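Residue numbers (the UniProt record's numbering), protein chains in the order written: chain A, 1 to 243; chain B, 1 to 220. Following: one structure in structure tokens, then a few remarks.
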Amino acid sequence: MISAFANPHRFMALSKWLAPACLGVGALLIAYSVWQGLWVVPQDDYQGGDIMRALFIHVPSAWLAMGSYLGLALASFVWFVWRHELADMAAKSIAPLGAGYTAMCLATGSIWGKPTWGTWWLWDDARMMSVLVMFFLFLGYMALRAAMETRQKAARAGAILAMVGAVNVPLIKFSVDIWASIHQGPSVLRADGPAMPAVYLTPLLLGALGHMIFFAGLTMVLMRAEVWQRRSDVLIARKLAGA
Amino acid sequence: MNSPSPIRAAFRQAIGEAWAGGAGALLPIGFFAGAAMLVPFTIGSEASQLAAIGTGVLWVALALASLVSMERLFQADLEDGTLELWAQDETPLFLIASAKILAHWLISGLPLVVLTPVIGITLQVPAGQLVPAMLAYGLGGLAFFLWGGVAGALAASVPRGGLLIALLALPLFIPTAIFGALSVQTGLEGPNILFLSASTLFALAVAPIGASAALRLAVD
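The following block contains the structure:
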């Protein structure tokens, strides 16, 4: 099944309309959730009044940050085992987007933390620490790829690093959780159902879905750019060989 | 012809590098002591303050000192062709990589552990806390060297890869740093020293495989 998707021609044909479609649908959903979050839903005084509206960016970006590291590790694994070039292109494209979402999560979290907790940054909070570590994992991945002299070496080194990082993530998470946490407890994914009122939950989930679709669209755009880059490299090499 | 086992060769070669030109094993020691020396100058010399942060400062200095020599760990083997021979040998490459990293830890990691009580005392840490802490520093330092070895192997073919190695390895140091610092603070009582040992064993199991995959990439 993976092989069917690994065909670059099929990917280019599919992503030609799927990438803009994802970007459009994703942008619409994000716009809806931001509009709901900023103007429609009532403010929640318990979470610091109007500042809680950061929720509609902060929480999706946290989910996307975690999901993108998972995606990076999976794409690296698929490339390492089956050597499907598209998997490597996916990994290469996911890294900067994941780093961006991680940075957005940290930035919005700080902005939210300042009025509610009274500080921009808390070192003893487990989730902030985990996201920060993930940010550094993304940075290291991109720096390693950039340092390698050939594309093949960049792909291999990146895949090894992403997999070593991925097996470490549970350990990092566990060790960071040992740190005392003053974060509020989870309020969406709980065994007894969401504790958040539907008026917040619906725009939040739609927004998160929108970010996911938008992320997929951006990944496809970057992958298409990579395919074109490789094609142009081949054309240049051919021209130089012929001349 | 009777050639020596590559595992032993790698081990002896790494030990020999301690005596090689350009300071060898003295370099990490100097860096370790120097980094710790900066602390009283930057934080202030008040005894109670230093005592409170002393063991943590030693962890930071140990983590940074572990990275100093990682750039050359496999780079020299790549340049003189040793790595290529190891990759072709029937001995599994991860065993050779483990031998090299362990030997490197013996000559540039263990001396730092021996030095921790001396620096700890100058940082006003109670002497009774420092001797049991050496076990934690030893275990933690080994994990630092193992993850540093993976980063060093990944960056073996990168010229001037020192900073890259630091960026790759530091996130992997976090569990060790957390459990290590907690076990020193609690004086080896409680579960933290067990968590520290577990994370070092985990590094011992995973890091050589990652390092050997990276070394194969470097010779290709």
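All C-beta atoms in this analysis are idealised placements derived from N, C-alpha and C, irrespective of residue type, glycine included. Since we're looking at a predicted model, the values are computed, not measured.
About 19 Å separates the CB atoms of Ala143(B) and Thr186(B); that is not less than 8 Å, and the two are not in contact.
Distance from Ala97(B) to Pro208(B) at the Cβ level is roughly 5 Å; contact confirmed, criterion being Cβ atoms closer than 8 Å. Cβ-Cβ distances below 7 Å link Thr42(B) to nothing in the same chain once the five nearest sequence neighbours on each side are left out. Under the three-state reduction of DSSP output, Gly44(B) falls in the coil class, being neither helix nor strand.
Taking 8 Å as the upper bound for CB-CB distance, Gly141(B) and Trp86(B) are not in contact here, some 25 Å apart. The beta carbon of Phe202(B) sits closer than 8 Å to some beta carbon of chain A.
Per DSSP, Gly81(B) lies in no alpha helix (DSSP H) and is assigned neither H nor E.
Proximity to Val57(B) across Val184(B), Ala198(B), Val206(B) peaks at Val184(B), based on C-alpha coordinates. Here Ser66(B) has Gly109, Gly141, Phe144, Phe145, Gly148 as same chain residues with Cβ atoms under 7 Å from its own Cβ, once five neighbours each way along the sequence are excluded. At a Cβ-Cβ threshold of 8 Å, Phe74(B) and Leu83(B) count as neighbours.
Shown in chain order are the members of the segment 159-175 of chain B whose Cβ falls below 8 Å from a Cβ of chain A: Gly161, Leu164, Leu167, Leu168, Leu170, Pro171, Leu172, Ile174, Pro175. In the DSSP assignment, Ile111(A) falls within the alpha helix (DSSP H) that extends over 85-117. Between the alpha carbons of Thr150(A) and Ala87(A) lies a distance of about 17 Å.
Per the C-alpha coordinates, the member of Gln152(A), Met52(A), Ala91(A) positioned closest to Ser110(A) is Met52(A). Listed by position along chain A, the residues whose Cβ is nearer than 7 Å to that of Gly210(B) are Ile160, Val164. Under the criterion of beta carbons closer than 8 Å, Ala95(A) and Leu72(A) qualify as touching, at roughly 6 Å. For Ile178(A), the nearest beta carbon of chain B is closer than 8 Å to its own beta carbon. When the five nearest sequence neighbours on each side are left out, the beta carbons in the same chain lying within less than 7 Å of the beta carbon of Leu206(A) are those of Leu29, Tyr32, Ser33, in order along the chain. Chain B has no Cβ within less than 8 Å of the Cβ of Lys92(A).
Arg156(A) belongs to the set of residues whose beta carbon lies under 8 Å from a beta carbon in chain B.
For Phe136(A), at least one C-beta of chain B is nearer than 8 Å to its own C-beta. Within the same chain, and ignoring the five residues on either side of Leu50(B) in sequence, the residues whose Cβ sits closer than 6 Å to its Cβ are Leu123, Gln124.
The straight-line gap separating the alpha-carbon atoms of Ala157(A) and Pro159(B) is approximately 15 Å. Judged by beta-carbon spacing, Leu154(B) lies beyond the 8 Å limit of Leu201(A), meaning their Cβ atoms are not closer than that value. Looking at Pro40(B), Pro6(B), Glu79(B), the one whose alpha-carbon comes closest to that of Thr91(B) is Pro6(B). Scanning its chain for C-beta atoms nearer than 6 Å, with the 5 sequence neighbours on each side dropped, one finds around Phe31(B) the residues Ala65, Val68, in chain order. Counting of Cβ neighbours within 10 angstroms places Ile119(B) among the buried residues, the total reaching 16 or more. For Leu14(A), the enclosing alpha helix (DSSP H) starts and ends at 8-35.
The count of Cβ pairs closer than 8 Å, one atom from the segment 64-82 of chain A and one from the segment 159-174 of chain A, reaches three, so the stretches are in contact. Fewer than three pairs of CB atoms, one per stretch, sit closer than 8 Å, so the segment 10-26 of chain A makes no contact with the segment 171-180 of chain A.
Interface with chain A (8 Å Cβ-Cβ cutoff): Leu146(B) is excluded.
Identification of chain B residues near Gly140(A) by a Cβ-Cβ cut-off of 7 Å yields Leu167, Leu168, Pro171, ordered along the chain. Counted as a single uninterrupted DSSP element, the alpha helix (DSSP H) harbouring Pro170(A) occupies residues 151-178. If you check each beta-carbon in the segment 7-35 of chain A against every beta-carbon of chain B, none falls closer than 9 Å.
Here Phe173(B) has Ala63, Phe144, Trp147 as same chain residues with Cβ atoms under 7 Å from its own Cβ, once five neighbours each way along the sequence are excluded. Annotation: Leu78(B) to Gly113(A) spans about 49 Å, alpha carbon to alpha carbon.
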